[in-house]
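Novice: Chains A and B supply the protein sequences, listed in that same order.
Counting from 1, position 67 in the first sequence corresponds to residue 241 in my numbering; the numbering is continuous, with no gaps.
Counting from 1, position 13 in the second sequence corresponds to residue 17 in my numbering; the numbering is continuous, with no gaps.
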Amino acid sequence: NAGVTQTPKFRVLKTGQSMTLLCAQDMNHEYMYWYRQDPGMGLRLIHYSVGEGTTAKGEVPDGYNVSRLKKQNFLLGLESAAPSQTSVYFCASFDRTSYEQYFGPGTRLTVT
Amino acid sequence: RKEVEQDPGPFNVPEGATVAFNCTYSNSASQSFFWYRQDCRKEPKLLMSVYSSGNEDGRFTAQLNRASQYISLLIRDSKLSDSATYLCVVGKIYNQGGKLIFGQGTELSVKP
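#1: Is any beta-carbon of chain B found at less than 7 Å from that of proline 279(A)?
#2: One question on the structure: do glycine 102(B) and phenylalanine 268(A) come within less than 7 Å of each other, judged by their Cβ atoms?
#3: When DSSP labels each residue in this structure, what does glutamine 246(A) get in the three-state scheme?
#4: Step through the CB atoms of chain B and report whether any lies within less than 7 Å of the CB of tyrosine 205(A).
#5: Apart from the five residues just before and just after serine 34(B), which ones in its own chain have a Cβ nearer than 7 Å to its Cβ?
#6: Beta carbon of isoleucine 79(B), beta carbon of aspartate 86(B): below 7 Å?
#7: Determine the direct distance from the alpha carbon of methionine 206(A) to that of arginine 270(A), and round the result to whole angstroms.
#8: Below 7 Å on C-beta distance, what does glutamate 47(B) contact in chain A?
#9: Any contact of the region 210-229 of chain A with the region 189-202 of chain A, i.e. 3+ C-beta pairs under 8 Å?
#10: Counting contacts by CB-CB distance shorter than 7 Å, is leucine 217(A) in contact with chain B?
#11: What do you get for phenylalanine 184(A), buried or exposed, if any count of 16 or more other CB atoms within 10 angstroms of its CB means buried?
#12: I need the DSSP call for glutamine 35(B), collapsed to helix, strand or coil.
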């Protein structure tokens, strides 16, 4: 049982490049989330999904797109990276029984 | 005004000290309350849920005051291993997709 995994762990992009962050969970959770964490800002919700095939905007969705084609996977895309998207990105899934969110180890993204 | 506010600290305390963290939230419709712990450059992990009646887990005691919209965490007999950032978290579970709102965190450093 791996829990929540994220790939890649680190990435450096140039302004304007695109990339996809992959999140996978093996706990059969319906709900999944993407957050970004910046110094002094705490965790901010980018997008979330309450089930396969559904997505919704969070607090800071601009510049990001997501897809949930399979229940276990939640993808976060950056179409045209900007330096303001330099951050640590965390994926999480939600256990509706315990109300606990389980986080992946994070992806550290730098956009130059 | 942020939806969840915490004193960012840092709190520097000696081993064995008792330390208290406070948190306020602005949405009176919040239904669930938690403390998460985040070690440096790692993902957040659930420390404990917070109930109106108060709850204790070993050296950790959490309290919730719904009338004042105030949450607290008390750590007794601090250990070096308690050094981390403590995140106050509130949420509306049922019709908000399990979304949680995170405070920016309070940093604790326990010194020998």
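Built from N, CA and C at the ideal position, the CB exists for glycine as well.
Specialist: Inspection of the coordinates gives the following:
#1: yes
#2: yes
#3: Note: glutamine 246(A) maps to coil in three-state DSSP.
#4: yes
#5: Val94, Gly95 and Lys96
#6: yes
#7: For arginine 270(A) and methionine 206(A), the distance between alpha carbons rounds to 11 Å.
#8: Phe264, Phe277, Gly278, Pro279 and Gly280
#9: no
#10: Interface with chain B (7 Å Cβ-Cβ cutoff): leucine 217(A) is included.
#11: exposed
#12: coil
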